[in-house]
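Residue numbers (full-length UniProt numbering): 1 to 279. Just so it is clear, CB atoms sit at the ideal spot from N, CA and C, and this is done for glycine as well. Here the structure is a predicted model, which means the values were calculated and not measured.
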Ligand SMILES: O=P(O)(O)OC[C@H]1O[C@H](O)[C@H](O)[C@@H](O)[C@@H]1O
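In structure tokens, the structure reads:
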């Protein structure tokens with residue numbers, strides 16, 4: 001049986017789940033933001049900045065920021081959208097021996113007046129986190145219950161705790177095209193991507209990539225999304241991030257299943273994306 005309890009993370013109300021095998025997750029209602037995922041061996045898999053605000057005044061730096069309805073500045077609204085700075089509802093939870101889950105929902109009535117006014121569309125977001133042995137599955141749906149289409153982009157902006165960047169690489173992207181931060185389209189020629197400088201890349205989607213660190217190997221899979229965004233700010237950009245501790249950029253990489261370009265969701269339609277991380 002899964003055990004679900006209400007807790008706090010910093011000043012934020014959060015939900016904690018412990019699966020029958022001892023795997024655990026903590027999700028704040030602010031952003032439906034996964035802040036901690038520990039496999040049954042007690043190992044923390046996610047990075048959260050020591051300097052992030054945890055009071056709802058700003059998006060959280062670390063964990064899994066949920067991006068909607070636009071990625072970064074690819075749209076007319078708030079950078080990376082309003083979902084990561086809105087308060088979601090816990091809409092379902094439970095589980096038996098094998099699978100334990102928390103499901104969160106966000107609809108227009110949950111938004112602040114400012115965000116509701118800036119995004120005057122009917123929508124229904126659901127995000128379900130399922131613990132399943134050494135795997136975490138995130139199932140994300142965007143539904144349009146309204147009469148008109150709306151444009152949207154999405155991402156699950158996952159920050160992995162890698163221990164140290166020096167011992168970190170990503171495999172599975174050889175011969176895959178990417179757009180770099182100079183807006184150049186290139187193709188990766190090496191079998192593994194290492195982190196020796198800033199990386200901000202949008203790779204064409206592949207079904208899976210592998211994150212290798214000194215302490216673990218994680219297999220990441222995505223369905224329904226269109227890219228993998230790979231981001232580490234490097235020393236210079238990191239120094240400008242006031243919500244990141246000194247040298248903490250050496251401790252994480254973001255690997256994000258994404259649909260970075262806004263595309264229309266027709267009236268009555270539902271988009272579904274799935275992201276699975278296997279430890
Ligand atoms: O600082 P944030 O708004 O959370 O964005 C953090 C990062 O998100 C993505 O990975 C983008 O590709 C980066 O360009 C951006 O810097």
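Can you tell me which of the options puts its alpha carbon nearest to the alpha carbon of residue i?
i	options	result
residue 86	183, 76, 119	119
residue 97	239, 3, 253, 220	3
residue 278	151, 103, 160, 125	160
residue 192	177, 165, 171, 254	171
residue 57	77, 80, 84, 38	84
residue 244	167, 275, 47, 139	47
residue 61	252, 146, 275	252
residue 281	92, 32, 132, 70	Lying outside 1 to 279, the shown extent of the chain, residue 281 is not represented and no answer is given.
residue 63	33, 127, 54	33
residue 123	107, 115, 71	107
Is residue i a contact residue of ligand 2, with contact defined as CB to any heavy atom under 8 Å?
i	result
residue 145	As far as ligands go, the structure on display features ligand 1 and does not contain ligand 2.
For residue i, count neighbouring Cβ atoms within 10 angstroms of its own Cβ and tell me buried if that reaches 16, exposed if not.
i	result
residue 52	buried
residue 256	buried
residue 50	exposed
residue 27	buried
residue 227	buried
residue 183	exposed
residue 8	exposed
Is residue i helix, strand or coil by DSSP?
i	result
residue 250	helix
residue 197	coil
residue 165	helix
residue 95	strand
residue 236	helix
residue 83	helix
residue 279	coil
residue 118	helix
residue 266	coil
residue 69	coil
residue 110	helix
If you draw a straight line from the alpha carbon of residue i to that of residue j, how long is it in whole angstroms?
i	j	result
residue 157	residue 41	24 Å
residue 241	residue 200	15 Å
residue 89	residue 105	5 Å
residue 188	residue 230	13 Å
residue 149	residue 110	20 Å
residue 23	residue 101	11 Å
residue 134	residue 216	12 Å
residue 94	residue 18	10 Å
residue 74	residue 151	11 Å
residue 281	residue 266	Any answer about residue 281 is impossible in this case: the structure gives the chain only from 1 up to 279.
Can you check whether the CB of residue j is closer than 9 Å to the CB of residue i?
i	j	result
residue 136	residue 269	no
residue 59	residue 35	no
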